[in-house]
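Reviewing the structure listed below.
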Amino acid sequence: MSLTIESSATMELFKMRAEAVSAQVQRVANKELALELLVRLLYQEGVEDTADSRAVCAACPMIGQAERTKLENAVPGLKFEVTRELAASAKVGISQFDWALANTGSVVQIADAVDKRLVSTLPPLHIALVSTAALLPDLPALFALLDPSKFSYLSFVTGPSRTADIERVLTIGVHGPGRLILVFVDDLEVAA
Amino acid sequence: MKQEFKQSILDALANPNLTGALGNFSVAYRAGRAKAYEGIDFEALRNQIAEIKSSASSHFDELAEQFTRAAEARGTKVFRTSDPQAVKDYILRLAQERGVKTIVKSKSMATEEIHLNKYLEKAGMDVQETDLGEWIIQLAGQTPSHMVMPAIHMTKEEVATVFSDKVEDGQKPDIPKLVKFARGKLRPMFLKAEMGISGANIAVAETGSIAIVTNEGNARLVTTLPKIHVAVVGYEKLIEHFKDMAPILTALPKSATAQLLTSYVSIISGPVPNTDGTLKELHIILMDNRRNEMAHDPRFKQALQCIRCASCLNVCPVFRLVGGHVFGKVYTGGIGTILTAWFGALKESDEIQSLCIQCGNCKDVCPGKIDIPDLILELRRRLAVEQGQPMIQKAIFSVVNNRRLFHTMMRAASIGQIPFAKEGFIRHLPMFLSNMTENRSLPAIADVPFRDRIKKIKQPKCAEKAAFYGGCLIDFAYPGMGEAVVKVLNKAGIEVIFPEGQTCCGAPARYSGAYEVAAQNGADNIKALLAEDVKYVVSACPTCTVALKQDFIANLESVGRTEELPAARRLAEKVVDFSTLASQLLEQGRLKFKAGIEPTKFTYHDSCHFKRTLHADQTPRNLMKQAGHELVEMDECDMCCGMGGSYTIKLPEISAPILERKLQNVEKTGAPLLLIDCPGCVMQIGGGLDKRHSKIKVEHTAQRLADMLE
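As you go down the protein sequences, you meet chains A and B in turn.
Residues in the first sequence are numbered from 57 upward in steps of one, following the working numbering.
Residues in the second sequence are numbered from 926 upward in steps of one, following the working numbering.
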């Protein structure tokens, strides 16, 4: 999928805004490349199948059974059965988000399923996958298309967890992840 | 003012950590906020928010009912009550019934308001605040000093000591390490707790949803890990429509912490699965605690438009000196003063309302478009009605309103014959007479007041006439400013008269809550100023101009003297401040700049009323630039100088450091000339510069202009 000029400007804005709040932004052309990138990232983080070194991935549309098997084979420490104990001890959490908002650098997810929240709150690194086509300009654009009857928990994530509660000094990573990597995938359908 | 309150102010001022942290933050906030709102039409946004919130508070009961139905349809349990005790009982009973031992909390001002923690702890619950700032003050046994940044008054050294004393020995004052320590200690609590308690930033009636806005991620854990979630929500958080969250979520982070959006926003519309597959038990408590009563008060209804961003604290020249604890235990700053009066009792605001210097900064930045200074004046008025006006104040107004007597007494005082300089009386004089000259020199009181001097000025006979309203400062202390006004207007072919019957503008009475006196001042002035047919009524004091243009009407209205309103409005239409009139006359070609004016650098101080009520701030700057002078803006040019009428006398401890900062900003520009459009600010800043033997010349715009015209 190729982006129009207008939407590539929106992507530039997203990148600028997300990086300004210490998120990392990556973009890949298709799902295959996204999975390769995931594997590479998990290797880099030293994910392996030992206590405190695992990664957890919440159920998400872009990772079906075939992709799951592939990933499990490539990264034995990556787990798809997300429990709170596993998430609490994991190094990395992975989940798919439903929308992205350019002018705040945010990603947005219907997070009724508890695994989605566990993987994005407990591990120190959170990797969020999102379809490039789900990039919207801003909050009002999102609210225009949301159907509140369809979900009970909606999560907005804008950069990693932060605090400035001591002497107003910005410190990244309090209760939530200290690092956030956003991966845009071009050939994904818009979820939800 | 009680000694205890005075002492709390003195303690705060003497705490360099507090004033340093808040002072630095106020500078960073100002720049950050401006950047966050870049490209956004703030006026349009806040009009939208004000409309959404105001419409909601007109229908609190309907919305609460609608919220309840929508939320219950999704499986949420909703408890509505007007009684704070019932909130506490409900939560405790629920916790006991479910065998809860540990509770984790994310930040909630509503639970602070009802002192929930103490109640639950007394009943044996382990209640853990998880917002870092809240956790610090919980461990330290303190209360929040700021609605958004509860521990802003503490240094990293103090935090390290609290952690070492209360949690684990040996913590070092290293911020990243302290944060990591908090993460490590609180994480097991989240995992262990059987109940999570949160507040909410927004509650949507049509869907039964709540929105929670945080940065640390603790609210996500509080609402995810424990199997029971209880949200305590004040009625003022209610709005009708889901999509109306967008403008509030757009403004709140920008106004609160200068962020485009906080790290996390969670919108919860119903119970979701727990980690063990069961469904979460979700309880939402809608708490009234006088909010409905407030909604029915025609004046205070607008305070419910507050979205709790605390920007009114962040821009307040007083808050940044004294911090939050002087204001009380829960809500702090400008809006906090109002909320304390309502959620507590009116008399609880008696002392803290006096902290407001009426500069209007907060009104300019409020995303809920609340006129906070005006509501604080209304508190003052109601307190005056409830408690009666002190005798001493009555005596003073009777002097102030008698202009001849007032001048005679002040003149006597200024040349050292102080027959009435008894402690009480002098301290209550509404304007500028006081023996407190530690930080600034006082002007001499003119031997002949302007009202007599003008009779000696040879004016051309003109068809067009203007009445000059002097006000006490120009009349008695700075008659030269009045003479400059006459000189300029004469050059444009306008003859200036000084109606003898004019008296005090009523600002001192109004700002003391004595509206009957203020209304009578207005009535006397209206009669005097409308007696002769003039085209303009000119004032060179912004406080007086605002009184003539707006307050006379408001004062008469507030005491029910409606039959006098048409005359008040007739007067208001004629009233113009000096610089605006001069600028118009220049534009019309009736005034011309002299040839060969030597260009000079100047800086300009924005007087509060001149900028924020009259919105005339650019006019004098442009006048001077047109004449070829070079403007060097000072930092915080529109920050109050600390004068605030009688504020210098009532709270000199606060006024002095505000002035000090202003003087530094003036001096930093290196400009040899400071122009101001307000005689009160001239007195304050000019007196301050004089005291430190500065060579910077301070003038009213009228004085400088008078010498530059043909």
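Beta carbons: idealized from backbone N, C-alpha and C, even for Gly.
Here the structure is a predicted model, which means the values were calculated and not measured.
### Task
Starting from the N-terminal side, write out each stretch of the beta strand (DSSP E) that is 3 residues or longer and does not extend beyond the region 80-120 of chain A.
80-84 and 111-113
### Query
If you draw a straight line from the C-alpha of G1261(B) to the C-alpha of V1255(B), how long is it?
Within the second sequence, residue 1261(B) is the residue found at index 336, counting from 1. Within the second sequence, residue 1255(B) is the residue found at index 330, counting from 1. Cα to Cα, the separation comes out at about 8 Å.
### Query
Hey, out of L1163(B), I1153(B) and A1107(B), whose CA is closest to N1199(B)'s CA?
Translated into positions along the second sequence, residue 1199(B) becomes position 274. The option with the nearest alpha carbon to N1199(B) is I1153(B).
#### Entry: 6 Å CB neighbourhood of Y1403(B) in its chain, flanking five on each side removed
Stepping through the second sequence from its first residue, residue 1403(B) is reached at position 478. Only P1604 meet the Cβ criterion.
### Query
Name the DSSP beta bridge partners of S1007(B), please?
Counting from 1 along the second sequence, the entry for residue 1007(B) is found at position 82. Looking at the DSSP assignment, S1007(B) forms no beta bridge with any residue, so it has no partner.
#### Entry: Unbroken alpha helix (DSSP H) run spanning I1263(B), endpoints
Position 338 of the second sequence, counted from the start, is the residue given in the question as residue 1263(B). Unbroken alpha helix (DSSP H) run through I1263(B): G1258 to F1268.
### Query
What residue does the alpha helix (DSSP H) around E1482(B) start on, and which one ends it?
Working through the second sequence from its first residue, we reach residue 1482(B) at position 557. Looking at the DSSP string, the run of the alpha helix (DSSP H) that includes E1482(B) is F1477 to S1483.
### Task
Show which residues of chain A have a CB atom less than 9 Å away from the CB atom of G1293(B).
Taking the second sequence and counting its residues from 1, one reaches residue 1293(B) at position 368. Those within 9 Å of G1293(B) in chain A number zero; the least Cβ separation is about 18 Å.
### Task
Go ahead and label D1201(B) buried or exposed: buried means 16 or more other beta carbons lie within 10 angstroms of its beta carbon, across all protein chains shown.
Along the second sequence, read from residue 1 onward, the residue named residue 1201(B) stands at position 276. Result: exposed.
### Query
Can R1537(B) and G1285(B) be called in contact, C-beta distance under 8 Å?
In the second sequence, residue 1537(B) corresponds to position 612, counting from 1. In the second sequence, residue 1285(B) corresponds to position 360, counting from 1. In this structure, G1285(B) lies closer than 8 Å to R1537(B) by Cβ.
### Message
Between which residues of its own chain and A79(A) is the CB-CB distance below 6 Å, once the five residues before and five after are set aside?
### Response
By 1-based counting over the first sequence, the position of residue 79(A) is 23. Within the same chain, A79(A) has close Cβ partners G215, L236 and L238.
### Query
Are the C-beta atoms of L1045(B) and some chain A residue less than 8 Å apart?
The residue given as residue 1045(B) occupies position 120 in the second sequence. No, L1045(B) lies away from the interface with chain A (no Cβ there is under 8 Å from its Cβ).
### Query
In terms of DSSP beta bridges, what is S151(A) paired with?
On the first sequence, position 95 is the one that residue 151(A) refers to. S151(A) is bridged to A184(A).
#### Entry: Interface partners of L1041(B) on chain A, CB under 7 Å
For this step, residue 1041(B) is matched to residue 116 along the second sequence. Residues of chain A passing the Cβ test: none, with the nearest at roughly 21 Å.
#### Entry: Selection of the region 215-230 of chain A by Cβ proximity to chain B, strictly under 8 Å
G215, P216, S217, R218, T219, A220, D221, I222, E223, R224, V225, T227, G229 and V230
### Query
Within 8 Å (strictly less), CB to CB, does K1347(B) reach chain A?
Here residue 1347(B) refers to the residue found at position 422 when the second sequence is read from its first residue. Only weak support exists for where K1347(B) lies, its pLDDT of 38 falling under 50; the coordinates are left without a value.
#### Entry: For C1429(B) and T1325(B), the rounded distance between their alpha carbons
Walking along the second sequence from the start, residue 1325(B) turns up at place 400. Walking along the second sequence from the start, residue 1429(B) turns up at place 504. At residue 1325(B) the sequence reads Val, which differs from the Thr that was named. C-alpha separation (whole angstroms): 7 Å.
### Query
If you measure from the beta carbon of D108(A) to each beta carbon in chain B, is any gap under 8 Å?
For the purposes of this step, residue 108(A) is taken as the residue at position 52 of the first sequence. No, D108(A) does not count as interfacial toward chain B.
#### Entry: Residue(s) in a DSSP beta bridge with Q1427(B)
Position 502 of the second sequence, counted from the first residue, corresponds to residue 1427(B). Beta-bridge pairing links Q1427(B) to no other residue.
### Message
Going by the DSSP bridge assignment, what does H1154(B) pair with across the sheet?
### Response
Reading the second sequence from its first residue, position 229 is the one you call residue 1154(B). Paired residue(s): G1121(B) and L1207(B).
### Task
Find out if the Cβ-Cβ distance for the pair V164(A), A184(A) is shorter than 8 Å.
Indexing the first sequence from 1 puts residue 164(A) at position 108. Indexing the first sequence from 1 puts residue 184(A) at position 128. Cβ distance not < 8 Å, so V164(A) and A184(A) don't count as in contact.
### Task
Give me the Cα-Cα distance between V1413(B) and T1505(B), rounded to the nearest whole angstrom.
Within the second sequence, residue 1413(B) is the residue found at index 488, counting from 1. Within the second sequence, residue 1505(B) is the residue found at index 580, counting from 1. Cα to Cα, the separation comes out at about 13 Å.
### Task
For the region 1469-1535 of chain B, list the alpha helix (DSSP H) runs that are entirely contained and at least 4 residues long, ordered along the chain.
1477-1483, 1490-1499 and 1503-1512
### Query
Under the rule that 16 or more other beta-carbon atoms within 10 Å means buried, what is R1245(B), buried or exposed?
Counted from its first residue, the second sequence places residue 1245(B) at position 320. Label assigned to R1245(B): buried.
### Message
So, for Y954(B): in the same chain, excluding its five sequence neighbours on each side, which residues have a beta-carbon less than 7 Å away from its beta-carbon?
### Response
Residue numbering aside, residue 954(B) sits at position 29 when the second sequence is read from its first letter. Result list for Y954(B): A1183 and N1239, in chain order.
### Task
Go ahead and label K1288(B) buried or exposed: buried means 16 or more other beta carbons lie within 10 angstroms of its beta carbon, across all protein chains shown.
Your numbering for residue 1288(B) matches position 363 in the second sequence. Result: buried.
### Query
Going by Cα to Cα distance, which pick from E1523(B), K1499(B) and Q1475(B) is closest to A1456(B)?
Translated into the one-based positions of the second sequence, residue 1456(B) becomes position 531. Out of E1523(B), K1499(B) and Q1475(B), K1499(B) has the C-alpha closest to the C-alpha of A1456(B).
### Query
When the cut-off is 8 Å and only beta carbons count, does Y209(A) lie next to chain B?
Your numbering for residue 209(A) matches position 153 in the first sequence. So, interface residue.
### Message
Using C-beta distances below 6 Å, list every residue in its chain close to S1007(B), excluding the 5 sequence neighbours before and after it, in chain order.
### Response
The count along the second sequence starts at 1 and reaches residue 1007(B) at position 82. Closer than 6 Å at the Cβ level, and outside the excluded window around S1007(B), lie D1213.
#### Entry: Test: N1143(B) CB closer than 8 Å to a CB of chain A
Mapped onto the second sequence, residue 1143(B) falls at position 218. For N1143(B), the answer is yes, since a Cβ of chain A falls inside 8 Å of its Cβ.
#### Entry: Residue range of the unbroken beta strand (DSSP E) whose run includes Q1312(B)
On the second sequence, position 387 is the one that residue 1312(B) refers to. Q1312(B) -> not in any beta strand (DSSP E); alpha helix (DSSP H) instead, spanning I1297 to Q1312.
### Query
Are there 16 or more other CB atoms within 10 angstroms of the CB of Y1394(B), so buried, or fewer, so exposed?
As a first step, residue 1394(B) must be located in the second sequence, where it is residue number 469. With 16 or more Cβ atoms within 10 Å of its Cβ, Y1394(B) is classed as buried.
### Query
Cα-Cα, which of C1281(B), L1304(B) and V1243(B) is closest to W1267(B)?
By one-based count along the second sequence, residue 1267(B) stands at place 342. Closest option to W1267(B), Cα to Cα, is L1304(B).
#### Entry: Cutoff 8 Å; reference N1692(B); Cβ partners in own chain excluding five residues on either side
Here chain B has residues from 926 to 1635 only, and residue 1692(B) is not among them.
### Task
Flag T125(A) as yes if its beta-carbon sits less than 8 Å from any beta-carbon of chain B, otherwise no.
Position 69 of the first sequence, counting from 1, holds the residue named residue 125(A). No, T125(A) does not count as interfacial toward chain B.
### Query
Is there a Cβ from chain B that is less than 8 Å from the Cβ of R96(A)?
Mapped onto the first sequence, residue 96(A) falls at position 40. Cβ-Cβ to chain B under 8 Å: no for R96(A).
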